[in-house]
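K.L.:
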Amino acid sequence: MKEFLGKKTLLVGDVGSGKTSFLAEFLKYLIENNYSDDVTVIDIAPARIQGIGGAIRDYTDYVSRIRYLRSERIWAPRLIGKNREEVLRYAEENRTN
Numbered sequence: 005m006k007e008f009l010g011k012k013t014l015l016v017g018d019v020g021s022g023k024t025s026f027l028a029e030f031l032k033y034l035i036e037n038n039y040s041d042d043v044t045v046i047d048i049a050p051a052r053i054q055g056i057g058g059a060i061r062d063y064t065d066y067v068s069r070i071r072y073l074r075s076e077r078i079w080a081p082r083l084i085g086k087n088r089e090e091v092l093r094y095a096e097e098n099r100t101n
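For the sequence shown, the residue numbers in our numbering are 5 to 101.
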């Protein structure tokens, strides 16, 4: 985990690839090593849908010990869009929120 210190990191990947689990473990590492004042998480994950996704605060209490930023209205375009146009519309709404 030390290799990520001092860097800006964007976690990307397919559904179920372990992004949230990695982030929860990294937050644990940072807090246990006294970096909590230096950490900001910008959480753009949509609410949990059919057991998929969800905000990091749904997975760990460590967010209460860092700067945590999250919009309350975030769509999951690939999960709720019924066609290409809907997926793009939901993605655009996320961009403008």
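We put the CB at the ideal spot given by N, CA and C, even for glycine. Values in this document were obtained by computation on a predicted structure and should not be read as measured data.
1. To the nearest angstrom, how far is the alpha carbon of Val67 from that of Val19?
2. Exposed or buried, what is Ile53 when buried is set at 16 or more other beta-carbons lying within 10 Å of its beta-carbon?
3. Is it true that the CB of Pro81 sits closer than 8 angstroms to the CB of Ala59?
4. Would you kindly report the start and end of the unbroken alpha helix (DSSP H) that includes Val91?
5. Compare the C-alpha of Val16 against each of Lys6, Leu27, Tyr63 and name the closest.
P.N.:
Let's see:
1. Locating residue 67 in the sequence shown gives position 63, where the first residue counts as 1. Locating residue 19 in the sequence shown gives position 15, where the first residue counts as 1. For Val67 and Val19, the distance between alpha carbons rounds to 22 angstroms.
2. Within the sequence shown, residue 53 is the residue found at index 49, counting from 1. Exposed: under 16 other Cβ atoms inside 10 Å.
3. Taking the first residue of the sequence shown as 1, we reach residue 59 at position 55. Taking the first residue of the sequence shown as 1, we reach residue 81 at position 77. Not in contact: Ala59 and Pro81 (Cβ atoms no closer than 8 angstroms).
4. Along the sequence shown, read from residue 1 onward, the residue named residue 91 stands at position 87. Start and end: 88 to 100.
5. Residue 16 sits at position 12 when you count from the first residue of the sequence shown. The candidate whose alpha carbon is nearest that of Val16 is Leu27.
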